[in-house]
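Have a look at the structure below before the remarks.
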Amino acid sequence: MSVDETPTEAAQEQPTVLDVDVVGDRALATAERGDVSVVVEAPAGISAEELEQTLSGVPESIERTTERFAKTTTMSANTTEIDGGTDAEDATDDDLGGGA
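For the sequence shown, counting from 1, position 37 maps to 37 in UniProt numbering; every step adds exactly one.
Given below as structure tokens:
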């Protein structure tokens, strides 16, 4: 297919949008693809190779962290409902503190 031809099928993946801004001595790089956004701040003079080497383990780290959080129970799964009421409903006027 040449550059001038219109594709007959839609792309299966959304393109990655990359935006880099340099402010002072810092570079801010943003990469977005679908619902995922990644923002990286680095020294302005960093080379592409240095940045790639620094970020090389990020996908694996995200995967490990996601797996760890998936194995933990949530706070709502860890609570027990006793009577459906709240402590504030059971408190007397003297228990609320403050006032004269």
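Beta carbons: idealized from backbone N, C-alpha and C, even for Gly.
Pull up the CB-CB distance for A31 and T16, whole angstroms please, since I reckon it's below 8 Å. 6 Å
Which whole runs of the beta strand (DSSP E) in the segment 22-61 are 3 residues long or more, in chain order? 26-33 and 36-43
Do the CB positions of A42 and D25 come within less than 8 Å of each other? no
Ignore the nearest five residues each way along the sequence and tell me which others in V20's own chain have a CB closer than 8 Å to its CB. A27, L28, A29 and T30
To the nearest angstrom, how far is it from the Cα of V40 to the Cα of E50? 13 Å
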